[in-house]
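Asks: Residues in the sequence shown are numbered consecutively from -9, following my numbering. One structure, as structure tokens, below. Some questions next.
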Amino acid sequence: MITDATIQTQMIIFGGTGDLTHRKLVPALFQLHLHGFLPKDFSLLSIGRRPKTHGEYHQDLLDATKKFSTKAIDDQEFLDFAKAISYFRLDFDNPEDYLRLKQTLEDRTSSDPERSFLFYLAVSPDYFSPIVENLESSGIRALPSLWQRLVIEKPFGQDLDSATLLNESIARVFPEKDIYRIDHYVAKEMIQNINMLRFQNTIFGPVWNRHHIDNVQITVLEKEGVGTRGGYYDHTGALRDMVQNHLLQLLAITAMEPPVSLDADDVRNEKVKVFEALRPFGPEDLSHRLILGQYSGYTQEDKVSEDSTTETLVATKIFIDNERWQGVPFYLLTGKAMKNKTAQITIEFRKSNPYTLDLDNQPNILEIKIQPDEGITLHLNVKKPGVMDQMTMAEMDYCQSCLYLFNSPDSYEKLLLDAMNGDSTLFTRWDELQLTWKYVDSIQSTVNGDRNTLLKPYNVGSFGPEELDRFVDSGASTWWFQNRIY
């Protein structure tokens, strides 16, 4: 769906000099511009606290886009695009600055009664509430417009209580239908492909259940450590940073029932049902449903406490207690400073009974490869060529990266376009967030009394702590990401 070219769309980014704007948002907007997806009368007001001229800011954006974009950038094309971008200096805590902002917005859009405003909070969560409250008190929210929407980056709270307080603050100003909580992982190309794969191919629909699937593995690993994010990460950890949002969202998309329609709320209703069916986590589960790890040298990282017990790796076994998935383990694994950067969903099917006991058949494996390569691989049992009845494995491989030369759109391109179009399908609804925080909080409260004992060391550049080797206790009892073939 292409945005309505007749609507004057004014995007306002709070955090215009920050890393997210330079690394992701502006490069994504530029690609949307090049492909003709932005409204004809689109403009961007980028807000920051540093003093800058428009020219200086445009040059900063050009340099950043050339550095971070995966595609070649033509300087003149970008500078032509940048004519729609203005810089506005503002102190996030100063009410008078918001009055100036209101006047600027009125001056820029007063000639068009069909204007719309997309506010994007690319700032520290500490500023979410102050910014939203000032949008209300300054009169900006009262400006006549077709719509006003608010896009919020994670983290949305540190636990259920803080997330609830934050949501109550924002909900006093913006209704739920106009709040777009981003999880960029959900917008990755191969994640969007899961439902297409399941619901548009009859070979998968009938076997996508506990009768045919032995286990599901969702793996998101990074080669890098915490880098410059030590201060943030040490107060967050992998459980809150990755499991609460990215991995649980991937689980819900993989496990949900077919929605009655592709309407945003129908899709999200099915994800909510998955979260409601998650088997509770208690003290009796610590020994066999959870591994926490910390990479060697983590406590020497910048802004990390020397006696930190923050986890940089989490492996957890989750059960969904419903008719489709009862008894099927979902293994979730995420970690930093690992051997490889990889993200994939691996579905291990139950082994069939060979028609002769002499044949050693292997389970069928479906790999949905998210990054660094994108694609789908199905592993099958076939007869090995020759006069003997021997079996071997064959692969049916769809390599999206090969076919499209890594030209899949960045997830932020999809999310920004959807936000402008009012399509909230890929954004997190508040009840989803409540349920995922409730689940993660139950793990945190169980762990905190025994964190020192539970935390397992692992070497940088390894596959994680040795305890991981024994964690998968279903099917072939192996982590399939370690056997990934490109």
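Every residue, glycine too, gets a C-beta built ideally from N, C-alpha and C.
My assumption, with CB atoms under 8 Å, is that residue 350 sits in contact with residue 381. Please give the rounded CB distance.
Replies: Here the question's residue 350 lines up with position 360 in the sequence shown. Here the question's residue 381 lines up with position 391 in the sequence shown. With a Cβ gap of about 6 Å, residue 350 and residue 381 count as contacting.
Asks: Quick one: what's got a C-beta closer than 6 Å to residue 211's C-beta in the same chain, skipping five residues either side?
Replies: Within the sequence shown, numbered from 1, the residue matching residue 211 stands at position 221. Same-chain partners within the cutoff: 325, 328 and 332.
Asks: Kindly list the residues whose CB is nearer than 6 Å to the CB of residue 298, restricted to its own chain and excluding five residues on each side of it in sequence; keep chain order.
Replies: Counting from 1 along the sequence shown, the entry for residue 298 is found at position 308. Same-chain partners within the cutoff: 224 and 289.
Asks: With DSSP as the reference, label residue 236 as helix, strand or coil.
Replies: Counting from one through the sequence shown, the residue named residue 236 turns up at place 246. Residue 236 falls in the helix class under three-state DSSP.
Asks: How big is the Cα-Cα spacing for residue 261 and residue 240?
Replies: As a working mapping, residue 261 is identified with position 271 in the sequence shown. As a working mapping, residue 240 is identified with position 250 in the sequence shown. Roughly 10 Å between the two C-alpha positions.
Asks: For the alpha helix (DSSP H) that residue 254 lies in, which residues bound it at each end?
Replies: Along the sequence shown, one-based indexing puts residue 254 at 264. Its alpha helix (DSSP H) spans residues 254 to 266.
Asks: Check for me: the alpha helix (DSSP H) holding residue 305 runs from which residue to which?
Replies: Reading the sequence shown from its first residue, position 315 is the one you call residue 305. Segment 303 to 309 is the beta strand (DSSP E) holding residue 305; no alpha helix (DSSP H) there.
Asks: I'd like to check one pair, residue 184 with residue 308: are the Cβ atoms closer than 9 Å?
Replies: Taking the first residue of the sequence shown as 1, we reach residue 308 at position 318. Taking the first residue of the sequence shown as 1, we reach residue 184 at position 194. Cβ atoms of residue 308 and residue 184: not closer than 9 Å.
Asks: Buried or exposed for residue 201, going by 16 or more other Cβ atoms inside 10 Å?
Replies: For the purposes of this step, residue 201 is taken as the residue at position 211 of the sequence shown. Exposed.
Asks: Closer than 7 Å by C-beta to residue 231: which residues in its own chain qualify, once you throw out the five before and the five after it? Chain order, please.
Replies: Against the sequence shown, residue 231 aligns to sequence position 241. Once the five neighbours on either side are set aside, the close Cβ partners of residue 231 are 223.
Asks: Once DSSP output is grouped into helix, strand and coil, what is the label at residue 226?
Replies: As a position in the sequence shown, residue 226 is number 236, starting the count at 1. Looking at residue 226 - three-state DSSP - the assignment turns out to be coil, as it is neither helix nor strand.
Asks: Taking residue 155 as part of the beta strand (DSSP E), name the residues at either end of that continuous run.
Replies: Translated into positions along the sequence shown, residue 155 becomes position 165. That residue, residue 155, is in no beta strand (DSSP E); its alpha helix (DSSP H) goes 150 to 161.
Asks: Please look up how many angstroms separate the CB atoms of residue 388 and residue 207, rounded, as I've assumed it's under 8 Å.
Replies: On the sequence shown, residue 388 is found 398 positions in, with the first residue counted as 1. On the sequence shown, residue 207 is found 217 positions in, with the first residue counted as 1. Actually they are not in contact, since the Cβ atoms of residue 388 and residue 207 sit about 19 Å apart, beyond 8 Å.
Asks: Are residue 11 and residue 36 touching if we call contact CB-CB under 9 Å?
Replies: Indexing the sequence shown from 1 puts residue 11 at position 21. Indexing the sequence shown from 1 puts residue 36 at position 46. Taking 9 Å as the Cβ cut-off, residue 11 and residue 36 qualify as a contacting pair.
Asks: Could you check which residue in 461, 375 and 151 has the C-alpha nearest to that of residue 431?
Replies: Taking the sequence shown and counting its residues from 1, one reaches residue 431 at position 441. Comparing Cα positions, the closest option is 151.
Asks: Quick one: complete beta strand (DSSP E) runs, 3+ long, within the segment 328 to 394?
Replies: Segments of the beta strand (DSSP E) lying fully in the segment 328 to 394: 332 to 339, 355 to 361, 365 to 373 and 381 to 389.
Asks: Could you name each continuous alpha helix (DSSP H) segment of 4 residues or more that falls completely within the segment 386 to 452, going from the start of the chain to the end?
Replies: Here the runs fully enclosed are 390 to 394, 401 to 411, 420 to 437 and 441 to 444.
Asks: Is it the case that the segment 131 to 150 contacts the segment 103 to 119, given that we only count it when at least three CB pairs across the two stretches are under 8 Å?
Replies: Yes: at least three Cβ pairs fall under 8 Å.
Asks: Can residue 177 and residue 31 be called in contact, C-beta distance under 9 Å?
Replies: Position 187 of the sequence shown, counted from the start, is the residue given in the question as residue 177. Position 41 of the sequence shown, counted from the start, is the residue given in the question as residue 31. For residue 177 and residue 31, no; Cβs fall outside 9 Å.
Asks: Using CA atoms only, rank isn't needed, just tell me which of 340, 339, 277 and 390 is closest to residue 363.
Replies: Along the sequence shown, one-based indexing puts residue 363 at 373. Considering only alpha carbons, the answer is 390.
Asks: How about residue 6 and residue 78: are their beta carbons less than 9 Å apart?
Replies: Sequence index remark: in the sequence shown, residue 6 carries index 16 (1-based). Sequence index remark: in the sequence shown, residue 78 carries index 88 (1-based). Against a cut-off of 9 Å, the Cβ pair of residue 78 and residue 6 comes out as a contact.
Asks: Residue 315 by DSSP, collapsed to three states: which one?
Replies: Against the sequence shown, residue 315 aligns to sequence position 325. The answer is coil: DSSP assigns residue 315 none of H, G, I, E or B.
Asks: Leaving out the 5 sequence neighbours to the left and right, which residues in its chain are closer than 7 Å to residue 454 when beta-carbon positions are compared?
Replies: The residue labelled residue 454 in the question sits at position 464 within the sequence shown. Taken in chain order, the residues that qualify are 283, 303, 325, 328 and 448.
Asks: Using only the alpha-carbon positions, how far apart do residue 48 and residue 341 sit?
Replies: In the sequence shown, the residue the question calls residue 48 occupies position 58. In the sequence shown, the residue the question calls residue 341 occupies position 351. Each residue's Cα considered, the two are about 58 Å apart.
Asks: Quick check on this structure: which residue in 404, 435, 19 and 425 has the alpha carbon closest to the alpha carbon of residue 182?
Replies: As a working note, residue 182 is residue 192 in the sequence shown. Among 404, 435, 19 and 425, the Cα nearest to that of residue 182 belongs to 404.
Asks: Name the residue from 147, 90, 311 and 252 whose alpha carbon lies nearest to the alpha carbon of residue 114.
Replies: As a first step, residue 114 must be located in the sequence shown, where it is residue number 124. Of the candidates 147, 90, 311 and 252, the one whose C-alpha sits nearest the C-alpha of residue 114 is 147.
Asks: With which residues is residue 205 paired in a DSSP beta bridge?
Replies: By one-based count along the sequence shown, residue 205 stands at place 215. Beta-bridge pairing links residue 205 to 338.
Asks: Spatial neighbours of residue 417 within its chain, please: CB distance less than 6 Å, with the 5 preceding and 5 following residues excluded, ordered by chain position.
Replies: For this step, residue 417 is matched to residue 427 along the sequence shown. So the list reads 170 and 171, once near-sequence residues are dropped.
Asks: May I ask which residues mark the beginning and end of the alpha helix (DSSP H) holding residue 276?
Replies: Stepping through the sequence shown from its first residue, residue 276 is reached at position 286. From DSSP, the alpha helix (DSSP H) with residue 276 extends over 276 to 279.
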